[in-house]
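All remarks here apply to the structure that follows.
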Amino acid sequence: MIVAIDGPAAAGKGTLARKLADHYGFAHLDTGALYRAVASRVLRAGASPDDAAAAAREAEALTGTDLRASDLRTERVSDAASRVATVPGVRAALLEFQRTFARHPPEGRPGAVVEGRDIGTVVLPDADKKLFVTASAEVRAERRWRELAAGGAAVTLAEVLKSVVERDRRDQERAQSSLRMAAGAFLLDTTKLDIDAAFDAAKAFVSGQN
Ligand code: DC
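So the sequence shown is numbered by numbering that gives the first Met the number 0: it starts at 0 and just counts up by one.
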């Protein structure tokens, strides 16, 4: 059983994906973390995230250790991740790993919840269930800002909103694997839903009740 979850930054995909995976006993893959880890490597190597050759090289060299880098959720890496994600060589380098994870989940789990931007459209178009999770840019920025502020980051809500809008634009406008809703996906708008309500709606969809 493969559940694909796509949607823009800070829409609540991560929390929802983790809760669904826990509930069904499925494995969980946050594919954004792969792009973030590539970005983190590029920055560490002193290269520009707009340098396509450097980004593709770092994607090909990615290891499990990179996924545990401490800077993955910082604004600097978030911004760089949305840049390296526009490079076709980066996307190609990460494709097989994502497919293998979903089709042969670790620890013999009976399914996988895979979240990202292009999971239902490109990575796993044959997924059993597809969700598109979104919320208004203002609500997403506020959620992200609360998270950052709780972690002690000195950043204003206006700055976070600007960065969310900029990342949306880059995710939607890139030539390859741009963010869009897959045919047959269930649209879950969490603008007015708390996490419990969003989880209930997602669970009902995955279980085939709506
Ligand atoms: O979901 P996230 O914010 O952690 O993703 C980080 C960046 O990676 C984001 O700008 C879009 C990109 N991404 C992508 O292009 N394709 C995916 N499947 C997942 C993330």
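Beta carbons are placed, not taken as given, at the ideal position from N, Cα and C, and that holds for glycine.
A straight line joining the alpha-carbon of P124 with that of M0 spans about 13 Å.
DSSP lists G115, F131 as the beta-bridge partner residues of D5. For H27, the beta-bridge partners assigned by DSSP are V112. By the beta-carbon neighbour count (other beta carbons within 10 angstroms, threshold 16), I194 is exposed. If you check the C-beta of S77 against the ligand DC, you find a heavy atom less than 8 Å away.
With a cut-off of 8 Å, the C-beta of R116 is classified as near the ligand DC, since at least one heavy atom of the ligand falls inside that distance. Straight-line spacing of the CA atoms in A149 and A184 works out to 33 Å. Membership of D49 in any alpha helix (DSSP H) is not indicated, and neither H nor E is assigned to it by DSSP. When secondary structure is reduced to three states using DSSP, L123 falls in the coil class, being assigned neither helix nor strand. In this structure, the CA atom of E141 is about 27 Å from the CA atom of V2.
Under the three-state reduction of DSSP output, L94 falls in the helix class. Sequence-distant partners of V112 (beyond 5 residues in either direction) whose C-beta falls short of 6 Å from its own C-beta, in its chain, are V2, A16, L19, A20, F25, H27. In the three-state scheme derived from DSSP, where H, G and I count as helix and E and B as strand, D193 is classed as coil. In the three-state scheme derived from DSSP, where H, G and I count as helix and E and B as strand, D78 is classed as helix.
For D188, the secondary structure class from DSSP, reduced to helix, strand or coil, is strand. When distances are taken from the beta-carbon of R179 to the heavy atoms of the ligand DC, even the shortest one reaches 8 Å or more.
At a Cβ-Cβ threshold of 9 Å, G45 and T133 do not count as neighbours.
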